[in-house]
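First residue of the sequence shown? That's 1476 in our numbering, and the numbers climb one at a time after it. Everything on this sheet refers to the single structure shown next.
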Amino acid sequence: MNPHPLFSTIWEGNDPEAVWQEVGEGFPGGHFWINNLTSPDGKYWKNFKYVFESGKGAQGERGLFIARINSIIYLPPVYVGFIDMGETSYDNYEEACGLAISHDLENWHRVTTNQPWIKSPHGNIRYVDALRVGDDIYFYYEYTREDKSHETRVSKVSL
1476 MNPHPLFSTI WEGNDPEAVW QEVGEGFPGG HFWINNLTSP DGKYWKNFKY VFESGKGAQG
1536 ERGLFIARIN SIIYLPPVYV GFIDMGETSY DNYEEACGLA ISHDLENWHR VTTNQPWIKS
1596 PHGNIRYVDA LRVGDDIYFY YEYTREDKSH ETRVSKVSL
């Protein structure tokens, strides 16, 4: 059970009271940030909060230029966020997957900074989305192939 029912639109899909918004400035020099807004009726949105943004790291750190939470899964007692991240604008087409965790969906701690959480043998894995079904997690993701093109794959992990 999700302890934050206000956010169940994102996590459980049955409550239209919250929305996540990705915002970005134009390149070059732009960066991404993730906001959270809430609404009691799904029409009027308030309580705007910045919850995650790129940057805040050293040159060479993944996520300095691009870092956005792609999807979130609740694994008690924490929320795990999958991050698409990159160091330069060249990484825009080959983002790496990183991880962040949160206890309250507002304060995020990056687990991965200097290297991707997971890679393919030919490049990166990106756009990870996780869906928990019972004791299984289905991971949907984009995989870099040997010819540098990408394909969508799915992997199942049992808890």
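Just so it is clear, CB atoms sit at the ideal spot from N, CA and C, and this is done for glycine as well. If you're wondering where the values come from, they're calculated on a predicted model, not measured in any experiment.
DSSP three-state assignment for residue i, whether helix, strand or coil
{"i": "D1604", "result": "strand"}
{"i": "P1503", "result": "Only weak support is given to the placement of P1503: the predicted model assigns it a pLDDT of 42, under 50, and the question is left unresolved by the model."}
{"i": "D1611", "result": "strand"}
Outcome for residue i when other beta-carbon atoms lying within 10 angstroms are tallied against a minimum of 16
{"i": "P1591", "result": "buried"}
{"i": "F1523", "result": "exposed"}
{"i": "R1620", "result": "exposed"}
Cβ-based neighbour list, residue i, same chain, cut-off 7 Å, excluding 5 preceding and 5 following
{"i": "R1607", "result": "I1548"}
{"i": "R1628", "result": "Y1616 and Y1618"}
{"i": "S1630", "result": "F1614"}
{"i": "G1501", "result": "Here G1501 scores only 40 on pLDDT, less than 50, and its place in the model is too uncertain to base an answer on."}
{"i": "H1625", "result": "E1617, Y1618 and T1619"}
6 Å CB neighbourhood of residue i in its chain, flanking five on each side removed
{"i": "T1587", "result": "G1573 and L1574"}
{"i": "F1527", "result": "I1509, I1544 and W1583"}
{"i": "A1571", "result": "R1537, M1560, P1591 and N1599"}
Same chain, Cβ closer than 8 Å to residue i, five either side skipped, listed in chain order
{"i": "H1578", "result": "P1552, V1553 and Y1554"}
Rounded Cβ spacing between residue i and residue j (contact assumed at less than 8 Å)
{"i": "S1529", "j": "D1604", "result": "No, S1529 and D1604 are not in contact; Cβ-Cβ is about 20 Å, not under 8 Å."}
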